[in-house]
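Here's the structure we're looking at; comments come further down.
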Amino acid sequence: MSSESAYLDRLYRDYSRRVQATLIRLLGDFELAEEAMQDAFVAAVQQWPVNGEPDNPQAWLIRTGYHCGVDQIRQRSTARRRAHLLLPIEEVLELDEATIEDDSLRLLFTCCHPSLSIEARIAMTLREMCGLTTEQVASALLMKPSTLAQRIVRAKRKIRDAHIPYAVPTHEELPERLPDVLKVIYLVFNEGYSRSTGSSVVDISLTQEAMRLGNELARLLPQGEVFGLMALMLLNDARRDARQDSGGELVTLDVQDRSLWHQEDIHNGIVWLQQALALTPTGYYTLQASIAAEHAQAIRAEQTDWGRIVRLYDALCRRFPSPILTLNRAVAIAMNGAPETGLALLDDIAHHPQISRYHLFHAAKADLLRRQGQREAARSAYQQALLLTNLDPEKRFLHRRLAELEAST
């Protein structure tokens with residue numbers, strides 16, 4: 032890599048996200064803002080090595096990008112139609128750090144607007160907030176780049192045509208809008224934490240981007256559930272290095288080498304959780320983080336407080352009923368010394384459409400049956416899980432379990 036390319040990469044990494052967020056507000060158009068931002072970075076690479084880096088590089092890039100964008104508008108036939116979207120030059124010249132920070136929050140809420148499909152929200156967030164290329168987002172979401180590009184284009188068109196505001200919701204709107212943003216961030220994290228397909232269980236780039244977004248949201252919008260989500264992500268991510276062994280094989284929670292867990296992340300996650308618990312009411316992510324904390328603080332698997340985990344799942348299922356939570360609660364009940372009850376609860380939801388095609392349901396049922404010595408039923412459940420999973424380490428793990436059952440007969 033040439034020194035010029037390395038310099039551009041550093042500039043882009045340090046400033047691109049905030050610069051683009053502000054240019055979208057100033058120019059009123061996603062594509063135009065991105066083109067203007069690229070022009071600004073090219074200008075910086077050409078001018079800064081000669082004239083020196085400005086005192087406020089971020090503001091310089093924004094102002095330069097704005098002028099590039101205005102020049103593009105003037106050169107197009109759309110100049111008259113778009114002129115009303117442009118802000119007075121005085122507002123551009125008087126940029127301050129707080130306004131630029133708010134632009135990041137505006138962009139996040141726009142990308143996560145409820146009028147967009149959940150798939151579009153995730154794609155827009157990864158593309159516009161995380162700065163990933165279309166190809167990187169497509170790879171992360173297991174889509175063709177052309178399909179992903181079309182989805183993003185449609186989402187941007189809807190934002191424009193529906194006049195979706197580029198703004199942080201009002202105090203009255205926030206309780207309704209915040210859950211959508213948290214959900215998107217958590218879905219991004221989950222796609223990185225437990226990949227849908229491929230050879231690796233974890234995609235660290237996605238988990239890190241989700242936690243970066245969560246941290247920025249918490250800094251700009253300190254709310255209990257934002258803290259709870261940060262706690263949940265940190266406490267889960269702390270186990271990243273123990274979830275696959277050196278050979279790339281899946282390692283389940285009960286046999287993970289806990290010395291590989293990142294204690295600093297666990298400590299920070301607990302701090303976030305304590306902040307969340309201090310605020311009421313206790314929400315979905317805070318309750319989930321409380322469960323993750325029980326696992327994270329158990330020195331050995333057998334020291335896990337399954338009784339408390341069951342009580343936390345009881346609270347979750349009462350307030351946020353879902354078949355996935357019912358599944359997790361059933362497993363917790365089984366691990367707390369009532370395997371028959373846990374299996375009965377799994378049978379109760381077996382025909383739910385969200386569960387019947389969910390490989391982890393069949394894998395969990397198989398594991399409980401195996402522990403109970405019901406080998407034939409366990410074999411059948413493992414085979415069903417194997418049919419439904421696309422992740423290579425999970426496939427190999429299920430094959431190993433089936434081989435162990437065969438060897439024990």
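Residue numbers (this note's numbering): 32 to 440.
All residues carry an ideal CB built from backbone N, CA and C; glycine is no exception.
Quiz prompt | Contained alpha helix (DSSP H) runs [length at least 4] in the stretch 153–217, N- to C-terminal order | solution = Counting whole runs of 4 or more residues, the stretch 153–217 contains the alpha helix (DSSP H) stretches 165–171 and 176–192.
Exercise. Could you name the residues that DSSP lists as bridge partners for G229?
Key: Position 198 of the sequence shown holds residue 229. Partner(s): L422.
Practice problem: Could you check if R28 is buried or exposed, using at least 16 other CB atoms within 10 Å of its CB as the buried criterion? | Solution: Residue numbering for the chain in the displayed model covers 32 to 440; residue 28 lies beyond these limits and cannot be assessed.
Quiz item: Among D102, E166, E132 and M242, which one has its Cα closest to the Cα of G89?
Solution: Along the sequence shown, one-based indexing puts residue 89 at 58. Correcting the residue type first, residue 89 is Gln in the shown sequence and not Gly. The shortest Cα separation from Q89 among D102, E166, E132 and M242 belongs to E132.
Quiz item: Does DSSP classify Q275 as helix, strand or coil?
Solution: On the sequence shown, residue 275 is found 244 positions in, with the first residue counted as 1. Q275: strand per DSSP, three-state reduction.
Quiz item: Would you report the Cα separation of D272 and L422, rounded to the nearest angstrom?
Solution: The residue given as residue 272 occupies position 241 in the sequence shown. The residue given as residue 422 occupies position 391 in the sequence shown. So the alpha carbons of these two residues sit roughly 18 Å apart.
Quiz item: Just how far apart, CA to CA, sit T53 and I386?
Solution: Here the question's residue 53 lines up with position 22 in the sequence shown. Here the question's residue 386 lines up with position 355 in the sequence shown. Each residue's Cα considered, the two are about 43 Å apart.
Quiz item: Given W337, which residues of its chain have a CB within under 7 Å of its CB, disregarding the five upstream and five downstream residues?
Solution: The sequence position of residue 337 within the sequence shown is 306, counting from 1. Once the five neighbours on either side are set aside, the close Cβ partners of W337 are A363, M366 and N367.
Quiz item: Do Y315 and F258 have their C-beta atoms closer together than 9 Å?
Solution: By one-based count along the sequence shown, residue 315 stands at place 284. By one-based count along the sequence shown, residue 258 stands at place 227. Contact: no.
Practice problem: Give the DSSP-derived three-state secondary structure of L237 in the structure shown. | Solution: Counting from 1 along the sequence shown, the entry for residue 237 is found at position 206. Correct three-state label for L237: helix.
Quiz item: Between the C-alpha atoms of T372 and D276, what's the straight-line distance to the nearest angstrom?
Solution: Working through the sequence shown from its first residue, we reach residue 372 at position 341. Working through the sequence shown from its first residue, we reach residue 276 at position 245. Answer to the nearest angstrom: the Cα atoms are 33 Å apart.
Exercise. Assign L310 to one of three DSSP states: helix, strand, or coil.
Key: By 1-based counting over the sequence shown, the position of residue 310 is 279. Correct three-state label for L310: coil.
Quiz item: In terms of residue numbering, what span does the alpha helix (DSSP H) encompassing C142 cover?
Solution: As a first step, residue 142 is located in the sequence shown; it is residue number 111 there, counting from the start. Per DSSP, C142 belongs to the alpha helix (DSSP H) from E128 to C142.
Quiz item: What number of angstroms, rounded off, separates the C-alpha of A409 from the C-alpha of L400?
Solution: One-based indexing of the sequence shown puts residue 409 at position 378. One-based indexing of the sequence shown puts residue 400 at position 369. Their backbone Cα atoms lie some 5 Å apart in a straight line.
Quiz item: Run through DSSP, which three-state label would L147 get?
Solution: In the sequence shown, the residue the question calls residue 147 occupies position 116. Coil.
Quiz item: What number of angstroms, rounded off, separates the C-alpha of A186 from the C-alpha of F61?
Solution: Within the sequence shown, the letter at position 155 stands for residue 186. Within the sequence shown, the letter at position 30 stands for residue 61. Going from the Cα of A186 to the Cα of F61 covers about 11 Å.
Quiz item: Candidates L92, R158, Q294 and R105: which alpha carbon is nearest D45's?
Solution: Against the sequence shown, residue 45 aligns to sequence position 14. Minimum Cα distance to D45 is reached at L92.
Self-check item: Simplified DSSP assignment, three categories, for L252
Solution: On the sequence shown, residue 252 is found 221 positions in, with the first residue counted as 1. The DSSP-derived three-state label of L252 is coil.
Quiz item: Are the Cβ atoms of D268 and H293 separated by less than 9 Å?
Solution: Position 237 of the sequence shown holds residue 268. Position 262 of the sequence shown holds residue 293. Closer than 9 Å, so yes.
Self-check item: the stretch 230–245 in contact with the stretch 190–209 per 3-pair CB rule at 8 Å
Solution: The stretch 230–245 vs the stretch 190–209: no contact.
Quiz item: Got a sec? Which residues, its chain only, sit under 6 Å from G404 by beta carbon, not counting five neighbours each side?
Solution: Here residue 404 refers to the residue found at position 373 when the sequence shown is read from its first residue. Counting only Cβ-Cβ distances below 6 Å, and skipping sequence neighbours, we find nothing.
Quiz item: Going by beta carbon distance, what residues of the same chain come within less than 7 Å of L308, once the five residues before and after it are set aside?
Solution: Start at 1 with the first residue of the sequence shown, and residue 308 comes out as number 277. So the list reads T317, once near-sequence residues are dropped.
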